[in-house]
Amino acid sequence: MHVAGRIEDYALIGDMQTAALVCRDGTVDWLCLPRFDSHAVFAGLLGTEEHGFWRLGPAHSADAEPPRAVRRGYRGDSLILESEWDTPRGTVRVTDFMPPRDGAPQLVRIVEGVSGRVPMRSALRMRFSYGRVVPWVHKHEGRTVAVAGPDSVWFDTTAETYGKSLTTYADFTVAPGDRIAFTISWQPSHKEPPALPEPEQALEATEEFWREWVEQCTYHGPYREAVVRSLITLKALTYAPTGGIVAAPTTSLPEEIGGVRNWDYRYTWLRDAAITLSSLLRTGYRDEARAWREWLLRAVAGDPESLQIMYGIAGERELGEAELDWLPGYENSSPVRVGNGAAHQLQLDVYGEVTEALHLAHMTGLARNDYASLLQLKLIRYLENHWDQPDEGIWEVRGPRRHFVHSKVMAWVAVDRTIKLIESGDADGPLEKWRELRDDIHRDVCEKGYDKERNTFTQSYGSKELDASLLLIPQMGFLPPDDKRVIGTIEAIQRELSTTDGFILRYPTAGEDAGVDGLEGDEGAFLACSFWMADDLAMIGRVDEARKLFEKLLALRNDLGLLAEEWDPRLKRQVGNFPQAFSHVPLIDTALRLTASGAYGG
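Residue numbering for the sequence shown follows the numbering used here, starting at 10 and increasing by one per position.
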């Protein structure tokens with residue numbers, strides 16, 4: 010009997026339209042078809058085997074846990090997973106991947122005998138609608154197909170299969186040199202069957218795709234392995250047909266094991282996507298930047314006044330939140346949520362992140378887009394009248410709105426970058442008026458968001474709480490790194506928001522009481538904030554300390570170089586949705602900063 014592994018036990022494979030998570034024992038516990046935000050076909054990650062899984066590995070007795078691979082890794086700089094088992098009867102390798110596609114999405118698994126003769130088993134239990142619907146499974150012209158409503162999944166293999174207990178099995182033995190492929194392909198149920206897969210050709214094409222993509226990377230510093238793996242992960246979170254970028258390919262992996270902080274991240278947050286875009290641009294990837302800019306222009310359309318903080322991956326605006334009460338949740342962390350009710354929150358910082366991304370695209374030579382410049386001007390006209398309003402802030406608090414300092418700082422960024430666009434001659438606007446606006450916002454933050462007695466900026470106007478988003482003040486150029494207020498804020502956050510092992514919390518939580526975010530419970534150290542701290546330490550000249558923190562953070566990655574959203578310092582494990590763009594982006598940025606400063610060991 011398989012139970013969901015620790016979050017760090019999972020590998021990511023994907024095709025830039027959806028993604029699967031593969032556990033160390035060879036079980037695919039999560040896969041949504043045909044898109045990241047579609048209903049899951051395998052939802053065992055958030056429930057049990059009854060909610061769908063596909064296990065492929067050495068045969069074992071029914072009452073024993075499946076054996077775990079003793080070795081696994083990605084093939085070179087790719088998203089092709091190779092897992093190996095050493096058994097009493099020999100060694101076997103399974104290669105898992107999803108070919109980048111134009112047509113039907115496919116998940117391909119190739120079993121290869123390495124030594125001896127190893128008995129193997131494939132157990133495939135498809136459950137549509139997040140484990141709720143048992144499909145009609147039958148044979149069609151020698152192929153196995155599962156159908157429910159609008160969906161069909163086709164299962165192809167040369168191994169002999171049989172059905173038992175609403176599961177499709179294949180029992181077989183592999184010897185050295187044997188290669189047996191298994192493929193599932195999704196197709197709308199009303200259409201003709203998808204073409205028969207060609208697994209070996211697909212493997213070759215997938216390897217070539219990733220090799221050519223990684224060759225574009227312009228970073229060749231000492232942290233290249235970590236940076237490239239993070240870039241591949243970010244690319245895998247890009248929805249190729251539209252250019253949208255998901256925050257993570259999962260929903261409801263908990264920020265606190267057993268808690269209620271479980272959210273759906275399979276959408277495009279403007280903030281997350283903008284910072285992802287910035288990292289890609291800094292490492293040589295312009296095509297993704299161009300595609301995301303086009304996605305942004307379509308999503309926002311002619312209505313920047315009602316800018317949402319997130320959209321669907323094709324630009325959808327309605328992302329209604331619901332709870333799936335038939336799923337018990339990852340390690341009984343409930344509720345399991347799909348959709349996201351935060352989509353219509355007011356988060357003024359988003360205007361700054363979007364404008365910063367457009368500015369960086371412009372500065373790195375991306376061809377001018379007149380509508381992008383027009384959009385930027387419209388965003389500032391909106392901010393002119395709204396920057397001084399309270400909002401929900403970067404962390405999407407579900408408590409009352411506040412005057413969050415980070416939101417005001419990012420509003421300043423939006424105005425500052427737009428002034429630079431006008432000064433460069435690539436746009437027209439009321440320059441003097443907006444320079445005054447920039448000064449007004451700056452003065453307001455420094456007067457109302459700064460605690461003189463403690464020499465630190467605070468989470469919001471008039472509050473005593475700290476917030477790790479304040480670490481972005483020097484990175485955004487709001488104040489220089491050597492300003493005493495910046496240094497005081499960094500040191501205050503180290504004192505008050507640091508865990509015992511030096512990682513950084515987002516803000517104080519309140520355990521059994523509702524905290525500043527309107528929620529009960531606690532959460533782990535937020536990995537992005539911990540990388541921001543390393544960045545800031547480097548900026549203020551404490552480079553050895555920055556490097557040590559950065560390398561401690563790198564050590565939190567799983568064996569495949571992947572990071573979730575948070576780290577639980579008590580349980581010593583990753584928590585939150587996985588893998589998380591908002592963790593891998595600052596990893597890249599900090600690596601670039603440390604490399605530029607020469608602050609690395611070895």
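Beta carbons: idealized from backbone N, C-alpha and C, even for Gly.
Rounded to the nearest angstrom, the gap between the Cα atoms of E474 and A600 is 29 Å. Excluding its 5 nearest sequence neighbours in each direction, A68 has C-beta neighbours in its own chain below 8 Å: P128, M129, R130, D180, listed in chain order.
When secondary structure is reduced to three states using DSSP, Y470 falls in the coil class, being assigned neither helix nor strand. For the segment 148-197, the continuous beta strand (DSSP E) assignments of 3+ residues that do not extend past its boundaries occur at 152-157, 160-166, 171-173, 176-183, 188-197, in sequence order.
About 15 Å separates the beta carbon of L21 from that of T104, a gap too long to meet the 8 Å contact definition.
Residues of the same chain with a CB within less than 7 Å of the CB of H593, apart from the 5 flanking positions on each side, are S239, T242, L243, L572 in chain order. Here DSSP, grouped into helix, strand and coil, assigns A543 to helix.
The segment 451-458 makes no contact with the segment 309-321; the number of CB pairs closer than 8 Å stays below 3. The beta-carbon separation of S287 and L384, rounded to 17 Å, does not stay under the 8 Å limit for a contact. About 42 Å separates the beta carbons of N394 and G338, which is beyond the 8 Å limit, so they are not a contact pair. By the C-beta criterion, the segment 52-67 is judged not to be in contact with the segment 106-114, since fewer than 3 inter-stretch pairs fall below 8 Å.
Judged by beta-carbon spacing, T277 lies within the 8 Å limit of M319, meaning their Cβ atoms are closer than that value. Separation of L580 and E265 (C-alpha to C-alpha, rounded to the nearest whole angstrom) is 10 Å.
Taken in chain order, the complete alpha helix (DSSP H) segments of 4 or more residues contained in the segment 275-342 are 279-291, 295-309. Per DSSP, reduced to three states, the secondary structure at D460 is strand.
Annotation: the continuous beta strand (DSSP E) that includes A132 extends over 127-134. Contact between D165 and S198 does not hold, since their C-beta atoms are separated by about 17 Å, which reaches or exceeds 8 Å. Inter-residue distance for S92 and G61 is about 21 Å (C-alpha atoms, whole angstroms). Shown here for L488: same chain residues with a beta carbon closer than 6 Å to its own, the five before and five after excluded, namely I482, V495 in chain order. Contact check for V146 against A132 fails: the beta carbons are separated by 8 Å or more.
For P67, the enclosing beta strand (DSSP E) has its first and last residue at 62-67.
Here Q583 carries a strand assignment [DSSP, helix/strand/coil]. Taking the CA atoms as reference points, E575 sits about 6 Å from G585.
In the structure shown, F487 falls within a coil segment according to DSSP collapsed to helix, strand and coil. When secondary structure is reduced to three states using DSSP, F512 falls in the coil class, being assigned neither helix nor strand. The three-state secondary structure of I496, taken from DSSP, is helix. In the three-state reduction of the DSSP assignment, T242 falls in the helix class, which pools H, G and I. With a contact defined as Cβ atoms closer than 8 Å, G85 and V123 miss out at about 19 Å. Distance from the Cα of V345 is smallest, within the candidate group R582, Y228, T260, T96, for T260.
DSSP places I450 in the helix class (H, G or I) of the three-state scheme.
L603: member of the alpha helix (DSSP H) spanning 590-606, first to last residue. Of the candidates W163, E216, Y178, T170, the residue whose Cα lies closest to the Cα of P203 is W163. Judged by DSSP in its simplified three-state form, C226 adopts coil rather than helix or strand. Per DSSP, D95 is one residue of the beta strand (DSSP E) stretching across 90-96. With fewer than 16 other beta carbons inside 10 angstroms of its own, G158 counts as exposed.
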